[in-house]
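Below is one structure, written out as structure tokens, with a few remarks after it.
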Amino acid sequence: SFDLNVVVEKVILLIKKRAKDEHVRIEKRLSENLRDAWGDPSQIEQVVLNLVLNALQAMHSKGGTLRVITESDDQEVWLEVRDTGTGIPPEILARVFAPFMTSRGEEGTGLGLTISKRIVDEHKGRLTLENLAQGVLARVVIPIEPRGAIPSSIAGNIQTEAKTEPEKETETENKESESAGGPPSNDD
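Be aware that the sequence shown starts at -13, since it is given in the working numbering, and climbs by one per residue.
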């Protein structure tokens, strides 16, 4: 399991300068009590980065606001990425997850959302996009616990809940090393 807020903060750090250069204000509302999500954080980072970059591109040269929200309940963790761009034309929105589907002409490969959808599906989650009155809402929902068989593409990369802490010296060990003369000196 992993902390989705950490993933989001990492992505925001990566795109912060670009957002500023493009006159896009970033608003974050990250849940303080967010439950850990299940899965591979590096793959989910790829999804978050793709959604945030798509949002920035939707507002390119016009500026706007990028809102990133995280929340959870007892079953799922979710992320919302909202932009104030022009939205997705309805004919493209209907096929937005199909390979090579792009509204950006030569600028896009049309694979970002396809790959993101595959990653989220492998995590037994959901990825949806919808037009708002202004802009687009992308929502990623990931379970807190695995559901069904774990795909081999993520099984080896899932972080376990066991977190190792550095060994701590006990007071007894500290006193023993002090009475033995402490660390060796360099008086040779």
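Ideal Cβ placement from N, Cα and C applies to all residues, glycine included. As the structure is a computational prediction, the values presented were derived from the model and not from experiment.
Rounded C-beta distance between W64 and P129? I'm assuming under 8 Å. Wrong, their Cβ atoms sit about 10 Å apart, outside the cutoff.
Rounded to a whole number of angstroms, what is the C-alpha to C-alpha distance between V34 and L(-1)? 12 Å
For the candidate residues P76, H9, V(-8), whose alpha-carbon lies nearest to that of L52? H9
Under DSSP, the alpha helix (DSSP H) around K103 begins and ends at which residues? Judged by DSSP secondary structure, K103 falls within the alpha helix (DSSP H) whose first and last residues are 98 to 108.
Among residues of its own chain, excluding the 5 on either side of A5, which ones have a beta-carbon nearer than 7 Å to its beta-carbon? I12, L42, L52
Would you report the Cα separation of T72 and L115, rounded to the nearest angstrom? 14 Å
Short Cβ contact (8 Å threshold) for R68 with L20: Taking the C-beta atoms as reference points, L20 is found no nearer than 8 Å to R68.
Quick one: is Q61 buried, meaning 16 or more other Cβ sit within 10 Å of its Cβ, or exposed? exposed
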